[in-house]
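Novice: Here it is, the structure, as structure tokens.
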Amino acid sequence: MSSPAATRAPRSRVAFFAVLQVAVTVGIFAILANAWGITPFIDAFRMLPWWSFPAAAVLGGLGVLTQALRWRVIAGHHDIVVSLGPAVARCWQAAFLNGVLPGGLAGDALRAADDSSDADVAAGRSALGRAFASMAAERLTGTAVAFGAAGLALLAVAPLFGVAALGVAALAVAIAWRWLRPLSRGELTQVVLLSAVGWAAFAALFTLTIGAVSPSVPLAWAPGLAAIAIAGMSVPLGFGGWGPREAAAAWAFSLAGLAPHLGVTASVSYGLLALASTLPGAVILALRALPRVNQARRARAERHSRQAAKHEPIEPAF
């Protein structure tokens, strides 16, 4: 049995990293605001057209669907069977939590640790480890595609950074390979294609955002700018992707000879649209949590009732 001190230590580390990630986001935003004022942030809210929100819902939903399909392929080889509906629900819930919690990984940790009855998991002490392995492999595959795309976009304008990004992509594949090895060649191809489609959905959303808030940017440049910003968002240092994404976008715009503050505006607008597209995940989270809350409330009421019965005085019989 673990001691209270041993239990508090991991919690304190988690709290420390959460505070650090929030501090990183606030620090980056402070640096950006000091450089260009708050106008880029105000423009991000002001310039978004109404039609960008339904477009974000479609593209965000496509990204969640491809992630769920990718996860199911990988999880199946780790003795975890999840049907498509629950897989989409879990991934949408994870996307929402990743967008509102530090680090951008908390939702995926919950997706792996969830012990609800919507998945068939082979029994055994390693069940939780296999769940996290399949989730990690799925996320690392997406990370590899994001940094691979950024590396290709950077090779022409910043070769050293391009090579570094491609190195990060290769490292992500190397780490994930131990969990991807059981997949057949066809399944590996399927996972890569699904990752590419998911990335394309988010890149299309960023491209749409650039066109909406920075119409002076040539459309042909938008996918490359989006690739660099999305890679920045994949670094788990900020709060829900905020911070590193804006810094990466400002840098990408400056490399292209564009005003960096336009990159900040486009990135903040993208963050708003991406967060709005995850709102179905908030509904799913509430629907999945409500039965458990009610069950816990009933269990607590029954426990109090039993405790009251034990202490109830016995009336004398005459």
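In this note's numbering, the protein residues as written are 7 to 324. Backbone N, C-alpha and C define an ideal beta-carbon position, used for all residues, glycine too.
Please work out which residues of its chain come closer than 7 Å, Cβ to Cβ, to Leu68, disregarding the five sequence neighbours upstream and downstream, and give them in chain order.
Specialist: Ala207
Novice: Just how far apart, CA to CA, sit Ile234 and Phe153?
Specialist: 8 Å
Novice: With the cut-off set at 7 Å, would you say Ala63 and Ser283 are in Cβ contact?
Specialist: yes
Novice: Between which two residues does the beta strand (DSSP E) carrying Val88 extend?
Specialist: Ile86 to Val88
Novice: Taking 8 Å as the threshold, find out whether the segment 247-255 comes into contact with the segment 222-239 through three or more Cβ pairs.
Specialist: Touching, yes, given that three or more Cβ pairs across the two stretches are closer than 8 Å.
Novice: What first and last residue would you give for the alpha helix (DSSP H) that runs through Leu214?
Specialist: Segment Arg191 to Val219, the alpha helix (DSSP H) holding Leu214.
Novice: Are the beta-carbon atoms of Val197 and Arg117 separated by less than 7 Å?
Specialist: Taking 7 Å as the Cβ cut-off, Val197 and Arg117 do not qualify as a contacting pair.
Novice: What is the DSSP secondary structure of Pro4, counted as helix, strand or coil?
Specialist: Since the first residue of the chain shown is 7 and the last is 324, residue 4 is not available in this structure.
Novice: What is the rounded straight-line gap between the Cα of Leu293 and the Cα of Leu243?
Specialist: A direct Cα-Cα distance of roughly 30 Å separates Leu293 from Leu243.
Novice: Touch check for the segment 143-157 and the segment 171-188: three-plus C-beta pairs under 8 Å?
Specialist: yes
Novice: Curious, which full-length alpha helix (DSSP H) runs of at least 4 residues does the segment 243-278 contain?
Specialist: 250-261
Novice: Whose CA, out of Ala93, Gly66 and Leu65, lies closest to the CA of Arg78?
Specialist: Nearest to Arg78 by C-alpha distance, out of Ala93, Gly66 and Leu65, is Ala93.
Novice: When you compare only the Cα positions, how much space is there between Met7 and Ile44?
Specialist: Confidence in Met7 is poor, its pLDDT being 47 and thus under 50, which makes the residue's placement unreliable; the coordinate value appears in the next sentence. Those two C-alpha atoms are separated by around 52 Å.
Novice: What first and last residue would you give for the alpha helix (DSSP H) that runs through Ala232?
Specialist: Ala228 to Met239
Novice: Determine the burial state of Ser220: buried for a count of at least 16 other Cβ atoms within 10 Å of its Cβ, exposed for fewer.
Specialist: buried
Novice: Once the 5 residues before and after Val203 are set aside, which same chain residues still bring their CB inside 8 Å of it?
Specialist: Leu68 and Thr72
Novice: Is it buried or exposed, Ala156, if we count other Cβ atoms within 10 angstroms and call 16 or more buried?
Specialist: buried
Novice: Report the CB separation of Ala143 from Ile80 in whole angstroms; it is logged as a contact under 8 Å.
Specialist: 5 Å
Novice: Rank Phe47, Val32 and Leu90 by C-alpha distance to the C-alpha of Leu268 and give the top, closest one.
Specialist: Per the C-alpha coordinates, the member of Phe47, Val32 and Leu90 positioned closest to Leu268 is Phe47.
Novice: Using the three-state DSSP reduction, which class does Ala164 fall into: helix, strand or coil?
Specialist: coil
Novice: Can you grab the Cα-Cα spacing for the pair Trp227 / Ala265, in whole Å?
Specialist: 14 Å
Novice: Buried or exposed for Arg187, going by 16 or more other Cβ atoms inside 10 Å?
Specialist: exposed
Novice: Can you give me the start and stop residues for the alpha helix (DSSP H) that Gly82 sits inside?
Specialist: Ser58 to Gly82
Novice: Hey, could you find the ends of the alpha helix (DSSP H) Thr45 is sitting in?
Specialist: Thr45 to Arg52
Novice: Between the C-alpha atoms of Ala162 and Met239, what's the straight-line distance to the nearest angstrom?
Specialist: 21 Å
Novice: I think Gly33 touches Gly247, with their Cβ atoms under 8 Å apart; what is that distance to the nearest whole Å?
Specialist: With a Cβ gap of about 15 Å, Gly33 and Gly247 do not count as contacting.
Novice: In chain order, what residues of the same chain lie with their CB nearer than 6 Å to the CB of Pro286, ignoring the 5 residues before and after it?
Specialist: Trp98
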